[in-house]
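The opening residue of the sequence shown carries number 2 in the numbering used here; numbering runs sequentially from there.
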Amino acid sequence: MMTYARKLRSIFTGALTLTGSIAFAGESAVSLIAAGMPANCAEYAENVSKSEGNFNSTSPVVNGVTCYGAFQFCNSGTFQRYYSGTPQEFLNDPRAQVNVWVKYQSSEWNTAQRLGLDSAVGKEICYRGTCAQITQSSILKACQFGCGKGGKLYNLVASGLDCNAPKTADGAGTSVCYYLISGAGYEVSCITGSNDGINCIPNRA
2 MMTYARKLRS IFTGALTLTG SIAFAGESAV SLIAAGMPAN CAEYAENVSK
52 SEGNFNSTSP VVNGVTCYGA FQFCNSGTFQ RYYSGTPQEF LNDPRAQVNV
102 WVKYQSSEWN TAQRLGLDSA VGKEICYRGT CAQITQSSIL KACQFGCGKG
152 GKLYNLVASG LDCNAPKTAD GAGTSVCYYL ISGAGYEVSC ITGSNDGINC
202 IPNRA
């Protein structure tokens, strides 16, 4: 049975997805596990992939930048930092995409902890009439905006979690609060080493 929190998150995510100009099918938890994703992070990874792409996805070129794969690693620096092969090799290798993503997420979590952004975990946040308790997966999802000092999540935490605070939304007006809510409640222990979320996929021995 779907919990109330998960149902609320699903409704909120679905509603905002319908307002988006681009929709991605994304990879399922099953396909991600088949590519080596730890089962205790697969549902969260599916959530991220749904807003990014499939294993064979290549983004349109924007300002000379192209992004690749299920988690859209971009050739503006992130792709080169985490993968040494060519873009085509990356697209052809789902297991490499999963390995790179887990390493990237671990790095982002370490940055979030170093800057104290994980202090928001356990607090409630409301955005556009929807509220959720911030979890570890919320922080990781919001790190898609960047976890660095002066970034959107950093500014939000510094503001006391005011979703209307300056410099907490991107150029299109999407608030980092949306990511905190849409990413809430998933297990991400393969990244953080602890669990405050829900995992509906049994771990295999």
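Heads up, the beta-carbon is just placed ideally off N, CA and C, and yes, glycines get one too. Keep in mind it's a predicted model, so treat the numbers as computed, not measured.
Contact under 9 Å by Cβ, residue i with residue j
i      : j      : result
Tyr128 : Ser60  : no
Ala71  : Ser58  : yes
Ala170 : Ile135 : no
Asn55  : Gly27  : yes
Leu157 : Ala166 : yes
Gly1   : Lys168 : Because the chain spans 2 through 206 in this model, residue 1 falls outside it and cannot be assessed.
Thr67  : Pro88  : yes
Tyr84  : Val101 : yes
Integer Cβ distance of residue i from residue j, believed to fall under 8 Å
i      : j      : result
Ala133 : Ile182 : 4 Å
Gln137 : Asp94  : Gln137 to Asp94, Cβ: 28 Å. No contact.
Met38  : Val122 : At roughly 23 Å, the Cβ-Cβ gap does not stay under 8 Å, so Met38 and Val122 are not in contact.
Leu141 : Ile192 : 7 Å
Tyr105 : Phe146 : Wrong, their Cβ atoms sit about 14 Å apart, outside the cutoff.
Residue range of the unbroken beta strand (DSSP E) whose run includes residue i
i      : result
Thr131 : Thr131 to Gln134
Ile126 : Glu125 to Tyr128
Minimum C-alpha distance to residue i - residue among the options
i      : options                         : result
Cys144 : Ala159, Ser107 and Ala166       : Ser107
Ser29  : Glu47, Ala35, Ala36 and Leu92   : Glu47
Ser1   : Phe91, Asn41 and Ala36          : Residue 1 lies beyond the stretch modelled for the chain, which goes from 2 to 206, so this question has no answer here.
Ser50  : Lys168, Cys164, Phe74 and Val62 : Phe74
Asp163 : Glu188, Asn76 and Cys178        : Cys178
Leu92  : Trp102, Ala35, Tyr69 and Val101 : Tyr69
Tyr187 : Ser32, Ala159 and Ser139        : Ser139
Residue range of the unbroken alpha helix (DSSP H) whose run includes residue i
i      : result
Cys178 : Val177 to Ser183
Ser107 : Pro95 to Arg115
Leu162 : It is not in any alpha helix (DSSP H) - Leu162 carries neither H nor E in the DSSP assignment.
Thr193 : Ser190 to Thr193
Phe91  : Pro88 to Leu92
Asn1   : Not covered by the structure: residue 1. The range shown for the chain is 2 to 206.
Closer than 9 Å to chain B by CB, residue i
i      : result
Asp171 : You won't find chain B in this structure, because it holds only one protein chain.
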